[in-house]
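In my numbering, the protein residues as written are 39 to 174.
To start, the structure itself, in structure tokens.
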Amino acid sequence: METSLSTGDARLDQAVRQWLLYDKNPKTASMVQELVKEGAVEALRKCFASRMEFGTAGLRAAMGAGVSCMNDLTIIQTTQGLCRYLEDSFESLKDRGVVIGYDARAHPPSGGKQQALCQPGGRCVPQQGYSCPPVL
Numbered sequence: 039m040e041t042s043l044s045t046g047d048a049r050l051d052q053a054v055r056q057w058l059l060y061d062k063n064p065k066t067a068s069m070v071q072e073l074v075k076e077g078a079v080e081a082l083r084k085c086f087a088s089r090m091e092f093g094t095a096g097l098r099a100a101m102g103a104g105v106s107c108m109n110d111l112t113i114i115q116t117t118q119g120l121c122r123y124l125e126d127s128f129e130s131l132k133d134r135g136v137v138i139g140y141d142a143r144a145h146p147p148s149g150g151k152q153q154a155l156c157q158p159g160g161r162c163v164p165q166q167g168y169s170c171p172p173v174l
């Protein structure tokens, strides 16, 4: 991780450092590292300006690095938050389980991702094939 990071914006520097600490995807981590190396402050601001929002059709953002984009880390973080909400809202969640669906974006689902998205001791059922957001 880049330790001499200084964009002139302390919040941005902290966001980038935190991202590089948690992002385990070599592609998106190297994208951020390259922007840091190039001193591309405006591009970094675009990646970390604000978290993508959950709207009526689910998560919507371009695929890329940073909290403003759709990527492995933002999906895991969002899913963890949603799981906590569901656990607080439904006592029988572990018995009932959850279904995980996928749209046809550029990155196919992996078994490891499915496991990371499931709560310990709960049921997790992956949907077969791809679906558009209104279906699931």
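All C-beta atoms, glycine included, are put in the ideal place defined by N, C-alpha and C.
Taking the alpha-carbon of M90 as reference, which of A67, T116, D47 and K65 has the nearest alpha-carbon?
T116
Got a sec, what are the start and stop residues for the alpha helix (DSSP H) V54 sits in?
A48 to Y60
Segment limits, alpha helix (DSSP H) that includes V70:
P64 to E76
Is the beta carbon of W57 sitting closer than 8 Å to the one on G119?
no
Residues of its chain near D110, where Cβ-Cβ distance is below 6 Å and the 5 sequence neighbours each way are ignored
N63
Could you give the distance in angstroms between the alpha-carbon of Y123 and the alpha-carbon of T112?
17 Å
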